[in-house]
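Everything below concerns the one structure shown next.
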Amino acid sequence: MTALRQEPLAEEWARQRARRRSSVLARLRSKPVAAFLMCLPLLVLIVGLIIYPFFYSIYLAMLNKRETQVVWLDNFRFLFTMDTFWLVVRTSFLFTFTAVFFKALLGFILALVINTLPTRGQRVWRGVSLVPWVMPLALSTLGWWWIFEPTHSALNWILVELGFAPKSWLADPFWARFSIILVNVWYGTPFFMIMYLAGLKSIPLELFDSASIDGAGPFQQLRFITLPMLKNIIAITMLFSTIVTFANFDIVRVLTRGGPRNETHLFGTFSFRLGIESGDVPLGAAVALVMFPILAVSAFFILRGVRRSVV
Amino acid sequence: MIEQRWKRWVFFYIPLTLFIIGTLFPFYWMFVTAIRPDHELYRSWRAANNAPFWTLQPTLAHFQDLLARTTFPRWLWNTFFIAVASTGISLFCGLLAGYALARLRFPMAGALGTSIFVTYLVPPTLLFIPLADIIREFHLGNTPWALILTYPTFLIPFCTWLLMGYFKTIPKELEECARIDGATRLGAMVRIIFPIAIPGILSAGIFAFTLSWNEFIYALIFLSSPERKTVPVGVVSELIRGDIYFWGQLMAGALLGSIPVALVYSFFVEYYVTGLTGSVKG
């Protein structure tokens, strides 16, 4: 008897509970709310650790050295009168453009060469050539630092053996710049190669077939098919690499620490020197912010390119 | 036929081999230095019985020193812990947000996608000074959490972007079938879509792991005590002592510190390529 009486009651409770829960769930299940909840961790992170720090760094850059008083643009004004700052600007541009140019050129040639190999061989070559890009850059740069060591290491030995004069690689301003560019090209070329190789694979083979039937030689095919078809990916990769190269820190920090006589400082390392090592946080923040316009312009063009390639 | 083969060698295999030698030489040189005894390292390379590019008495002394007398094992563990934790956080956030952006039509989805791509382009060198201040403010300086919380700033945008692209390639019908059969959206997402997306998730995961293992500038700034450091920072800043460089030990450290990444890489080469090309092409 009791069991019979209890049963409908329990059922009723269960139904009520289900109804209550389903109204909460229904609201959660509506698309915009669910989407918002799913993006929430991402949003919190972007706002808290990217957007807020960005505006905070603008605020920091307008303080005096002891961070007690707002001095507006005085830090920037001071920077623009500093010879070292202009040296950093020149070095950064020289470093970025030279390195990106050689990475793009070497990467393109390599992609073309590897693309002509049989498919199985391609994988091996591609796998091996990507190694510098995957390994910890700070540690492989340490290896380069040792290679550049003038008396006990490999590079000068090879030079002497080939009949050249040994060089003091990292102590001479010209060769120090050459060295950081060389290491950056060594590190970044695989990235270009992989991107271009993926681009080459996406060109329909019929284009080359019909061109060769029409009598186009390899160079004409390169000029009139490969380059136009890869135009977008070449542009995106170069802009992308411009940002990464311009903001490079690891190579200079490990190889030269900005020396000799500040000749190899980039924005990143100079900002570190001023803001962290010398303790002038506002000035360091100002140096880093000077990078922003260049990064923003590159990012703008990358976005335009990516949109175009998606559509 | 013979002439063609000859051409192939001159234009392809010889340049490629030279390129590969150039690519791998630094690692070879690290290796040779790491197993070379000290008395060979610091003498003139023209000395009698010297083999400049090889060593006649290979030794493991530098590795033993490194593992027994320095905090190197501790750095390995720190790096591993930080890399795994930040990769886990990033994958979790990236999976949810990537799915929402790819599948749920909601207002501002396009704008949000774009802003994620923009944050992906923000380099660490731009924000390390304000972040250092914020970390100090929250008393997180010199703890692994400083890195576990900041690494996702460049990992999550990357993971989200990559996974969003991957989810878009999975046909909607699969999910619709599951929904018709009575699965909830969450159920369909977790049981149908995520398992199909495992290659994408793996790609994003190993990429995120590599990026956090290799990270240098945040680790250099946010950690100060030697036993808390990560491998790249520890080797670069703690093993260089005074004016005489212990090249053997330094190179042993650089080599051992790269090996975990090299192992992951050798197993998942194709996933790296997917991650690399997928992240920029979108």
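Order-wise, the sequence lines are chains A and B. If you read the first sequence in the numbering used here, its first letter stands for residue 2, the second for the next number, and so on. If you read the second sequence in the numbering used here, its first letter stands for residue 1486, the second for the next number, and so on. Ideal Cβ placement from N, Cα and C applies to all residues, glycine included.
Would residue i count as contacting chain B if we go by Cβ distances under 8 Å?
| i | result |
| --- | --- |
| A172 of chain A | no |
| S141 of chain A | yes |
| A286 of chain A | yes |
| L223 of chain A | no |
| I277 of chain A | yes |
| V245 of chain A | yes |
| R117 of chain A | The amino acid at residue 117 of chain A is misidentified as Arg; the sequence shows Thr. Closer than 8 Å to some Cβ of chain B, the Cβ of T117 of chain A qualifies, so yes. |
| G280 of chain A | no |
How big is the Cα-Cα spacing for residue i and residue j?
| i | j | result |
| --- | --- | --- |
| E278 of chain A | I52 of chain A | 25 Å |
| D1666 of chain B | L1647 of chain B | 29 Å |
| D84 of chain A | S169 of chain A | 25 Å |
| T246 of chain A | V101 of chain A | 7 Å |
| T1635 of chain B | L50 of chain A | 7 Å |
| I237 of chain A | I214 of chain A | 32 Å |
| L322 of chain A | I1506 of chain B | The displayed coordinates of chain A run from 2 to 312. Any statement about residue 322 of chain A would go beyond what the structure contains. |
| I1641 of chain B | T270 of chain A | 25 Å |
| V89 of chain A | T1518 of chain B | 34 Å |
| W73 of chain A | P167 of chain A | 50 Å |
| P1558 of chain B | A1582 of chain B | 36 Å |
| R121 of chain A | V1754 of chain B | 14 Å |
| F175 of chain A | I181 of chain A | 10 Å |
| V1746 of chain B | I1681 of chain B | 26 Å |
| F1591 of chain B | A1631 of chain B | 34 Å |
| V312 of chain A | A1617 of chain B | Only weak support is given to the placement of V312 of chain A: the predicted model assigns it a pLDDT of 42, under 50, and the question is left unresolved by the model. |
| L80 of chain A | G285 of chain A | 10 Å |
| W158 of chain A | H1524 of chain B | 18 Å |
| T372 of chain A | F98 of chain A | The question about residue 372 of chain A has no answer here: the residues shown for chain A are numbered 2 through 312. |
| P119 of chain A | F179 of chain A | 36 Å |
| Q1549 of chain B | V1720 of chain B | 15 Å |
| A1673 of chain B | L38 of chain A | 17 Å |
| M2 of chain A | W14 of chain A | Residue placement at M2 of chain A is poorly supported in this model, since its pLDDT is 42, which falls under 50; the coordinates still yield a value, given next. In a straight line, the C-alpha of M2 of chain A is about 19 Å away from that of W14 of chain A. |
| P191 of chain A | G108 of chain A | 6 Å |
| I1614 of chain B | P283 of chain A | 9 Å |
| I1499 of chain B | G280 of chain A | 52 Å |
Could you list which residues in chain A have their beta carbon closer than 8 Å to that of residue i, in chain order?
| i | result |
| --- | --- |
| T1762 of chain B | I195, M196, A199 |
| R1590 of chain B | K32 |
| C1578 of chain B | P42, L43, L46 |
| Y1757 of chain B | L131, V135 |
| L1509 of chain B | V129, V132 |
Going by the CB atoms, is the gap between residue j and residue i shorter than 8 Å?
| i | j | result |
| --- | --- | --- |
| A199 of chain A | T1572 of chain B | no |
| L290 of chain A | S31 of chain A | no |
| L304 of chain A | T1599 of chain B | yes |
| S141 of chain A | W147 of chain A | no |
| P1717 of chain B | A1737 of chain B | no |
| V1749 of chain B | F1694 of chain B | yes |
| L1611 of chain B | M292 of chain A | yes |
| G1476 of chain B | R1521 of chain B | Not covered by the structure: residue 1476 of chain B. The range shown for chain B is 1486 to 1767. |
| C1644 of chain B | S1722 of chain B | no |
| A62 of chain A | A217 of chain A | no |
| T1478 of chain B | W1491 of chain B | The first residue shown for chain B is 1486 and the last is 1767, placing residue 1478 of chain B beyond what the model contains. |
| R127 of chain A | I195 of chain A | yes |
Does any residue of chain A have a CB that is nearer than 8 Å to the CB of residue i?
| i | result |
| --- | --- |
| I1499 of chain B | no |
| V1495 of chain B | no |
| A1682 of chain B | no |
| W1698 of chain B | yes |
| T1599 of chain B | yes |
| T1695 of chain B | yes |
Which residues in chain A have a C-beta closer than 7 Å to the C-beta of residue i? List them in chain order.
| i | result |
| --- | --- |
| V1607 of chain B | I51 |
| W1732 of chain B | W147 |
| P1711 of chain B | Within 7 Å Cβ-Cβ: nothing; P1711 of chain B doesn't reach chain A, min ~16 Å. |
| Y1750 of chain B | V135 |
Residues of chain B with a CB under 8 Å from the CB of residue i: which are they?
| i | result |
| --- | --- |
| F192 of chain A | L1761 |
| L61 of chain A | I1614, P1615, D1618 |
Relative to the ligand SAM, is the shortest distance from any of its heavy atoms to the C-beta of residue i smaller than 7 Å?
| i | result |
| --- | --- |
| L1647 of chain B | For the ligand SAM, the structure offers nothing, since it holds no ligand at all. |
Starting from the beta carbon of residue i, find every residue of chain B whose beta carbon is closer than 9 Å, and list them in chain order.
| i | result |
| --- | --- |
| V253 of chain A | What V253 of chain A touches in chain B: nothing, since even the nearest Cβ is about 11 Å away. |
| F250 of chain A | P1608, P1609, T1610, F1613, F1701, I1702, L1705 |
| F220 of chain A | None at all; the shortest Cβ gap to chain B is about 14 Å. |
Using a C-beta to C-beta distance shorter than 7 Å, which residues of chain B count as neighbours of residue i?
| i | result |
| --- | --- |
| W87 of chain A | Within 7 Å Cβ-Cβ: nothing; W87 of chain A doesn't reach chain B, min ~19 Å. |
| G128 of chain A | V1754 |
| G269 of chain A | T1610 |
Interface residues of chain A around residue i at Cβ under 9 Å?
| i | result |
| --- | --- |
| M1736 of chain B | L143, G144, W147 |
| F1512 of chain B | V132, P133, M136, S141, G144 |
Whole runs of the beta strand (DSSP E) within the stretch 1611 to 1640 of chain B, excluding any shorter than 3 residues: none
4-residue-minimum alpha helix (DSSP H) runs that sit fully inside the stretch 1512 to 1575 of chain B, ordered along the chain: 1523 to 1526, 1546 to 1554
Beta strand (DSSP E) runs wholly inside the stretch 48 to 74 of chain A, at least 3 long, in chain order: none
Complete alpha helix (DSSP H) runs within the stretch 1721 to 1762 of chain B (minimum length 4 residues, chain order): 1732 to 1752
Every unbroken alpha helix (DSSP H) inside the stretch 1666 to 1718 of chain B [4 residues or more]: 1670 to 1673, 1683 to 1699, 1702 to 1707
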